[in-house]
Every structure is written in structure tokens, then in C-alpha cells.
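Contents: one structure, followed by commentary.
There are 2 protein chains.
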Amino acid sequence: MIKKPYLLFLADAPDRNACKTAFGVAFWRPHECVGELRYPEAKTDCGTPAMDVREAARRGAKTLLVGLAPSGGAFAPRWIETLLLALDAGLDVASGMHVRLDSVDAIRDRAKALGRVLHDVRLPPPGILVGTGRKRPGLRLLTVGTDCNAGKMFTSLALEKEMTARGMKATFRATGQTGILIAGSGIAVDAVIADFISGAAEQLAPANDPDHWDLVEGQGSLFHPSYAGVSLGLLHGAQPDLLVMCHDPSRKTMRGNVDHPLPPIRECIALNEQCARLTNPKATVIGLSVNTSRLGEVEAKALLSRLAQEHGMPAVDPVRTGVAPLVDAIARGRR
Amino acid sequence: MIKKPYLLFLADAPDRNACKTAFGVAFWRPHECVGELRYPEAKTDCGTPAMDVREAARRGAKTLLVGLAPSGGAFAPRWIETLLLALDAGLDVASGMHVRLDSVDAIRDRAKALGRVLHDVRLPPPGILVGTGRKRPGLRLLTVGTDCNAGKMFTSLALEKEMTARGMKATFRATGQTGILIAGSGIAVDAVIADFISGAAEQLAPANDPDHWDLVEGQGSLFHPSYAGVSLGLLHGAQPDLLVMCHDPSRKTMRGNVDHPLPPIRECIALNEQCARLTNPKATVIGLSVNTSRLGEVEAKALLSRLAQEHGMPAVDPVRTGVAPLVDAIARGRR
Numbered sequence: 307m308i309k310k311p312y313l314l315f316l317a318d319a320p321d322r323n324a325c326k327t328a329f330g331v332a333f334w335r336p337h338e339c340v341g342e343l344r345y346p347e348a349k350t351d352c353g354t355p356a357m358d359v360r361e362a363a364r365r366g367a368k369t370l371l372v373g374l375a376p377s378g379g380a381f382a383p384r385w386i387e388t389l390l391l392a393l394d395a396g397l398d399v400a401s402g403m404h405v406r407l408d409s410v411d412a413i414r415d416r417a418k419a420l421g422r423v424l425h426d427v428r429l430p431p432p433g434i435l436v437g438t439g440r441k442r443p444g445l446r447l448l449t450v451g452t453d454c455n456a457g458k459m460f461t462s463l464a465l466e467k468e469m470t471a472r473g474m475k476a477t478f479r480a481t482g483q484t485g486i487l488i489a490g491s492g493i494a495v496d497a498v499i500a501d502f503i504s505g506a507a508e509q510l511a512p513a514n515d516p517d518h519w520d521l522v523e524g525q526g527s528l529f530h531p532s533y534a535g536v537s538l539g540l541l542h543g544a545q546p547d548l549l550v551m552c553h554d555p556s557r558k559t560m561r562g563n564v565d566h567p568l569p570p571i572r573e574c575i576a577l578n579e580q581c582a583r584l585t586n587p588k589a590t591v592i593g594l595s596v597n598t599s600r601l602g603e604v605e606a607k608a609l610l611s612r613l614a615q616e617h618g619m620p621a622v623d624p625v626r627t628g629v630a631p632l633v634d635a636i637a638r639g640r641r
Numbered sequence: 307m308i309k310k311p312y313l314l315f316l317a318d319a320p321d322r323n324a325c326k327t328a329f330g331v332a333f334w335r336p337h338e339c340v341g342e343l344r345y346p347e348a349k350t351d352c353g354t355p356a357m358d359v360r361e362a363a364r365r366g367a368k369t370l371l372v373g374l375a376p377s378g379g380a381f382a383p384r385w386i387e388t389l390l391l392a393l394d395a396g397l398d399v400a401s402g403m404h405v406r407l408d409s410v411d412a413i414r415d416r417a418k419a420l421g422r423v424l425h426d427v428r429l430p431p432p433g434i435l436v437g438t439g440r441k442r443p444g445l446r447l448l449t450v451g452t453d454c455n456a457g458k459m460f461t462s463l464a465l466e467k468e469m470t471a472r473g474m475k476a477t478f479r480a481t482g483q484t485g486i487l488i489a490g491s492g493i494a495v496d497a498v499i500a501d502f503i504s505g506a507a508e509q510l511a512p513a514n515d516p517d518h519w520d521l522v523e524g525q526g527s528l529f530h531p532s533y534a535g536v537s538l539g540l541l542h543g544a545q546p547d548l549l550v551m552c553h554d555p556s557r558k559t560m561r562g563n564v565d566h567p568l569p570p571i572r573e574c575i576a577l578n579e580q581c582a583r584l585t586n587p588k589a590t591v592i593g594l595s596v597n598t599s600r601l602g603e604v605e606a607k608a609l610l611s612r613l614a615q616e617h618g619m620p621a622v623d624p625v626r627t628g629v630a631p632l633v634d635a636i637a638r639g640r641r
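Order-wise, the sequence lines are chains A and B.
Numbered by my numbering, the letters in the first sequence go through residues 307 to 641 in order.
Numbered by my numbering, the letters in the second sequence go through residues 307 to 641 in order.
Structure, rendered in C-alpha cells:
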């Protein structure tokens with residue numbers, strides 16, 4: 307569990323995309339962000355108050371969140387200086403970068419000397435067990451997709467917001483780095499040893515109250531030639547009662563695999579339901595979540611209405627229309 | 307690549323099951339085993355000449371193969387003594403145990419000082435890439451199963467033997483510890499980081515001659531709630547042209563999961579073909595490999611003949627009938 311609230315570290319982020327993790331946290335958990343630390347060269351911001359580590363500590367920040375994930379990967383010397391200052395000021399540090407915080411000697415030694423905690427959220431926790439496939443109490447919904455990056459995290463968080471606003475018991479369960487930093491806990495299932503994927507999902511969404519919903523963030527797609535194993539293990543371990551199928555209609559081929567066209571939505575629904583029923587015979591796709599951001603208002607509404615009719619279930623865009631129709635269906639327990 | 311021939315290390319194995327790895331190697335690669343080292347208390351043997359490490363070294367052994375995998379897991383002090391003697395005598399050491407050889411200080415230091423290689427076959431090699439899903443030259447066959455431990459390794463090795471005897475180009479590709487020790491190379495796909503399962507399979511069975519068959523050892527089952535993710539990633543990465551479905555008719559429920567009945571063979575064939583076609587549109591289950599060891603001769607023959615008729619493909623038991631009908635079908639390229 308990562309201690310909150312956060313100080314978001316944007317460094318010299320050139321654009322929004324470079325620090326999308328920080329943006330995600332600021333968007334979904336604004337009240338858990340004390341402010342942000344950016345260098346003068348930064349070309350973007352998250353809309354929270356700018357401050358240094360000592361000011362953040364004074365305002366109650368508990369953890370500096372490294373909100374960037376540059377493709378190069380390494381920590382720049384200047385970043386390391388900032389992280390050391392944060393540790394000195396009393397903050398823990400959390401990061402979703404490929405390079406581990408404790409692989410940087412100065413950071414590891416300072417954290418140890420001061421008793422601070424370093425969170426590398428890409429690193430699964432120790433002690434994950436093999437999945438059992440045994441049914442456990444509580445309700446679960448998993449977001450799945452026709453492809454990677456089809457809005458599964460966004461949809462899960464939008465559902466959590468709408469469901470808790472209605473007084474339903476619902477908890478977002480994070481399976482990727484950004485999700486984990488938003489939730490403050492979770493397991494990066496794609497970084498787990500292959501034999502333990504479904505076990506990780508079982509641990510992530512454990513037994514709960516009979517009327518409590520775990521909203522499990524999906525990963526990849528059963529139709530993605532690189533990552534389908536992760537998606538299937540997650541599907542079996544999450545044991546979802548309900549699924550929401552996420553889709554980006556602007557995509558023609560699978561992400562990073564131009565040889566592979568996107569699967570038909572109908573086929574993707576059928577295969578997900580078939581496989582999910584191995585561990586939950588009631589598993590049903592309850593609705594569609596569609597990213598219509600590249601369409602105009604009229605086109606978008608027409609597409610959503612056509613998809614809803616074609617598949618006999620609500621079709622929403624969490625940004626454009628909100629997810630209320632999905633939550634209506636979840637509350638009813640059927641399409 | 308593990309250097310051969312081997313000296314099989316049986317220690318004080320109480321029965322055949324305790325050292326089934328050594329048995330597998332002695333059965334499938336008799337000419338690559340110089341002999342075996344057992345303590346006086348051992349209650350079983352592999353049928354190769356008994357000898358100590360120095361005798362083995364004189365007869366050309368290159369690697370001591372730890373042929374046991376006790377559930378406790380640790381190396382007994384007496385075993386460590388034997389391994390050190392083997393290193394002194396000039397042998398490398400290969401092991402499929404959970405405990406890593408280089409986690410034992412004495413073994414690691416001695417190997418380093420003498421320039422010997424320690425092979426922990428459960429440990430995947432570094433540098434595995436994410437799967438691409440791109441088609442590569444060469445032919446591939448994957449053994450799949452209705453469950454774990456349904457004869458996938460045995461069937462793959464029996465196919466290799468029959469195909470090479472017929473002059474076909476065929477190579478067994480190992481994905482589990484025993485298979486890797488038999489082959490002398492391979493990747494334990496269940497120990498790979500989840501994101502890289504299909505990439506590991508692509509690396510294991512790389513581009514090859516257009517008439518060369520890679521016979522890839524399957525793992526788990528698409529219907530096993532604990533391990534299906536591994537099976538799906540392997541299926542996508544292996545890109546099999548043909549599949550052989552392995553089945554143990556004595557099993558009623560999935561291994562280690564009494565809540566889950568075995569899937570109907572027909573359903574298991576259909577799901578494997580459907581999923582395999584994501585990366586190889588021609589993928590077809592060409593035959594059945596059935597473990598009839600618990601049946602009498604008449605019952606067994608009747609079962610095989612019934613299954614062949616029901617599914618319209620050859621059904622064999624590699625031990626009882628041999629795999630010739632499967633190889634006939636493979637050579638024809640259809641059922």
C-alpha cells in the first residue's frame with residue numbers, strides 16, 4: 307500500500323504524453339494530490355499547485371510519485387537529486403519506471419538510512435500463489451478489450467466513480483503501473499511469472515462482501531498475439547460475473563502488430579464469455595465501452611446506438627456519454 | 307546448450323517417481339548417458355552403469371545431471387559434497403530443482419573458481435523479447451492437452467523418434483525442466499515473465515528450413531484454471547501448423563483442481579484450433595494421443611478406435627501402439 311497524498315513529479319516533461327501517469331492520478335484522484343513538482347523547462351502541467359518537496363511535506367504529502375516513464379528508461383542525475391531531497395524531506399518514493407529505484411545506489415542507501423519506502427510498482431509482490439480456480443464470495447467485473455490500450459483502465463475507474471456515487475460498494479483493482487499509482491495498490495500482472503497470472507488475479511480481488519464489486523482492470527486482449535496469455539490468466543483468476551468489452555473503433559490492426567486485424571466485436575465477446583465461464587459459469591459481457599474521441603458528436607452517437615442494437619447491450623463512451631447505462635445494467639445484473 | 311553426455315545423479319532416490327527426470331533422460335537419450343551415480347540407500351536405478359564422478363569423467367561425461375526434484379526443495383549437505391566432487395572432476399552441473407545451484411555458496415564459488423557451468427533449467431534465459439505474431443519459415447507441431455500431465459512431452463519425443471527414423475527433419479523443442487534436460491536446451495515457459503510467454507515460444511522454435519518440423523512440447527491446458535495463460539501464450543508463439551491433442555481418460559477432474567471436470571475432447575479441440583488460428587490460420591488438430599496405461603488391451607483398443615471414429619482423426623497411445631498413424635497424418639498434412 308502506497309501512502310497518500312502524493313506530490314506529483316513531472317521533472318522537465320515536454321508534453322502531456324510524457325507524464326500520462328501523473329495526469330491519470332491527478333484526473334482520478336485529485337484530492338490525493340497535494341501538488342506537483344516541475345522543473346522550469348517543463349512544457350506541461352497537471353493543474354495542481356506547483357511546489358518543492360519541503361512545501362509538499364509541510365502540506366502533508368507522504369509520497370513523491372514519479373509521474374513519467376521515458377522510453378530511455380534511466381534516472382537522470384538531476385532526477386536523482388530531486389528524489390534524494392524528497393527522501394530527506396520525509397517522503398517515500400513511488401515509480402512505474404522500468405529501472406528500479408533500488409537499483410540506484412544513492413536512492414537505495416538514502417531510503418534505507420532514513421527508513422523511507424521505495425515503491426517500484428512494476429515489480430509484483432513476493433509470495434503470489436498458483437491460482438486455485440475456486441469460487442470466492444463477492445462480485446467482480448473485468449474490463450476486457452478487442453485490443454491493448456482500448457480504455458480498460460479508464461472504464462474501470464469511471465465505473466468505480468459512478469457506482470460509489472450511487473452508494474454501491476465498489477473498488478477499482480489495478481493491474482498496470484498507472485492504475486496501481488492511482489489506486490495506491492495493485493499487481494502488475496504482466497510482470498508476474500507466467501505460472502502465477504491467475505493466482506495474482508485471485509490475490510488482487512480476494513473474497514469480499516456478497517454485494518461488493520471488485521472492478522478489475524483488464525490487460526491486453528485474447529486476440530493480441532503478444533499478450534493473450536496475460537489476458538486469459540487474468541480472466542480466469544478474476545472470475546468475473548460481468549465483463550465490459552472496451553473498443554477503439556479508430557484502430558484497424560492490433561497495437562504493435564500491423565499483420566493482425568482487430569477481431570470482430572462479436573467474436574471477441576463470444577471468446578471472452580466462453581473462456582471466463584471456466585471459472586465463473588455466469589460470466590456475461592454486460593456492455594460496450596467505446597473510445598469515440600476521433601469522431602464528431604453525430605457520428606459518435608450513431609456508432610454507439612448501432613453497436614448497442616447490434617449486440618443487444620448498452621454501448622457508452624465513458625468520456626462523451628458517461629457510464630450510467632452500464633451501471634444500470636450492472637445493478638440489474640443483466641444486459 | 308548443456309554439454310553431453312551426462313552422468314545421472316540419483317542420490318538416495320526411494321523410487322522411480324522421485325527421479326523421473328533421470329528416467330526420462332535415460333529412456334529418451336540412452337546414448338547420451340555415460341552412467342548413473344546412486345548412494346547405497348537408493349531404492350531404484352535407471353539401468354545405466356553405476357559409477358562415481360571420476361569414473362564418469364574418464365568415460366567422457368561432461369555434465370552431472372541432478373535427476374531428482376524433491377518437494378522439500380533444498381540441496382542436502384551430502385548432495386552438495388557430490389556436486390563439488392563432480393565440479394572438481396571436470397563436470398558441469400545441470401539441475402531442474404526449484405532451488406538454484408548458484409544460491410548455494412559452496413557450489414557457486416567452486417564452479418566459478420574452476421570455470422564450470424551451472425545450468426538451472428527452470429531459469430529462462432535473459433533477453434527474451436515480446437512476441438511479434440509474425441509468421442516464420444519452417445513447420446511446427448504443438449502437443450496440447452485436455453489437462454496438465456496428459457503426455458505432451460512423451461508424445462512430442464515419440465513423434466521426434468518416429469519422424470527422424472523415417473528421414474524427416476524434426477527437432478523436439480522443450481518447454482519444461484525434464485524436456486530441457488533431455489534435449490539439452492529449451493525454455494521453461496511457465497517460468498517466463500507473463501508478457502513474454504509467446505515471445506519465448508517464438509525464440510524456442512525459430513525460423514527453419516521449409517520442410518523442417520519443430521515438435522514443441524505443450525504445457526498445461528486452455529481449460530486449466532491455474533495455467534491456461536501459459537498454454538495460450540505458447541499456442542500463439544509456437545504458431546503450430548498442426549496440433550496433437552493429448553488426453554488421459556482416467557482423469558475425471560483437472561489436476562490439482564477437483565472442482566473442475568475435464569473438458570470434452572471436442573470442445574478442447576475446437577478452442578485450441580480457434581485460438582491457434584490467430585497466428586496460423588491453417589492450424590489443425592491432426593490426431594489424438596491417449597494414455598491408456600490403466601486399461602486392459604481390449605478396452606484400450608476399443609477406446610482408441612471409438613475416439614478415432616468420433617473425431618475423424620487417428621488416435622494412438624504412444625506406448626501401446628506407437629505414433630506411426632500420427633506421423634502418417636503429419637506426412638500427408640491432413641487428418
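Even glycine gets a Cβ: it sits at the ideal position worked out from N, Cα and C.
- Using a Cβ-Cβ distance cut-off of 8 Å, the region 610-617 of chain A and the region 339-351 of chain B are not in contact, since fewer than three pairs of beta carbons, one from each stretch, lie closer than that value.
- Take A380/A, set aside five residues on each side of it, and the residues of its chain with a beta-carbon closer than 7 Å to its own are V405, in chain order.
- DSSP lists L371/A, H425/A as the bridge partner or partners of A400/A.
- Residues of the same chain with a CB within less than 7 Å of the CB of M357/A, apart from the 5 flanking positions on each side, are G341, L343 in chain order.
- Taking one beta carbon from each stretch, the region 405-421 of chain B and the region 329-341 of chain B have fewer than 3 pairs nearer than 8 Å; the two do not touch.
- Secondary structure note for H617/B: its alpha helix (DSSP H) is the uninterrupted segment 603-617.
- If you look at V591/A, you'll find it in the beta strand (DSSP E) that goes 590-596.
- Put simply, the region 587-603 of chain A does not touch the region 480-493 of chain A. Fewer than three CB pairs are less than 8 Å apart.
- The straight-line gap separating the alpha-carbon atoms of A382/B and I636/A is approximately 56 Å.
- Judged by beta-carbon spacing, A576/A lies beyond the 8 Å limit of G593/A, meaning their Cβ atoms are not closer than that value.
- In this structure, R479/A places its C-beta atom within 8 Å of the C-beta atom of V522/A.
- For M469/A, the uninterrupted alpha helix (DSSP H) segment begins and ends at 458-471.
- About 31 Å separates the Cβ atoms of S611/A and N563/A, ruling out a contact at the 8 Å cut-off.
- Nearest neighbour of V633/B by Cα position, chosen from A400/B, S401/B, M560/B, A464/B, turns out to be A464/B.
- Taking a Cβ-Cβ cut-off of 7 Å, the neighbours of T585/A in chain B comprise P531, given in sequence order.
- In the DSSP assignment, no residue is bridged to D321/B.
- Annotation for G485/B: the continuous alpha helix (DSSP H) segment containing it runs 483-489.
- Excluding five sequence positions before and after H530/A, the CB atoms of its chain that fall closer than 8 Å to its own CB belong to D453, C454, S537, M560, R561, N563, H566, given in chain order.
- Counting the other Cβ atoms within 10 Å of the Cβ of N323/B gives fewer than 16, which makes it exposed.
- For K326/A, the enclosing alpha helix (DSSP H) has its first and last residue at 326-334.
- Across the set L445/A, L424/A, S595/A, the C-alpha of S595/A shows the shortest separation from the C-alpha of P555/A.
- Shown here for A507/A: same chain residues with a beta carbon closer than 6 Å to its own, the five before and five after excluded, namely L540, G543, A544 in chain order.
- Among the residues facing chain A, H518/B is not included, as its CB has no counterpart in that chain under 8 Å away.
- If the five residues before and after S504/A are omitted, its C-beta is found closer than 6 Å to the C-beta atoms of G437, G539, H542, G543, all from its own chain and listed in chain order.
- Between I493/A and chain B, the shortest Cβ-Cβ separation is not below 8 Å.
- The residue among L448/A, F502/A, A500/A with its C-alpha nearest the C-alpha of A476/A is L448/A.
- Chain B places a beta carbon closer than 8 Å to that of H566/A, counting this residue as a contact.
- Taken through DSSP and simplified to helix, strand or coil, K349/A comes out as coil.
- Neighbours of V536/A in chain B, taken as residues whose beta carbon is under 7 Å from its own, are A500, D501, G535 in chain order.
- Under the three-state reduction of DSSP, T627/A is assigned to coil, being neither helix nor strand.
- In this chain, the alpha helix (DSSP H) harbouring P383/B covers 383-394.
- With 16 or more other CB atoms across the displayed protein chains lying within 10 angstroms of its CB, R446/B is buried.
- Between A400/B and T354/B, the C-beta gap is not smaller than 8 Å, which leaves the two residues out of contact.
- Rounded to whole angstroms, A589/B and K326/B show a C-alpha spacing of 32 Å.
- Burial of V550/B is indicated by the presence of at least 16 other C-beta atoms within 10 angstroms of its C-beta.
- When 7 Å is used as the limit between beta carbons, D496/A is near these residues of chain B: A500, D501, in chain order.
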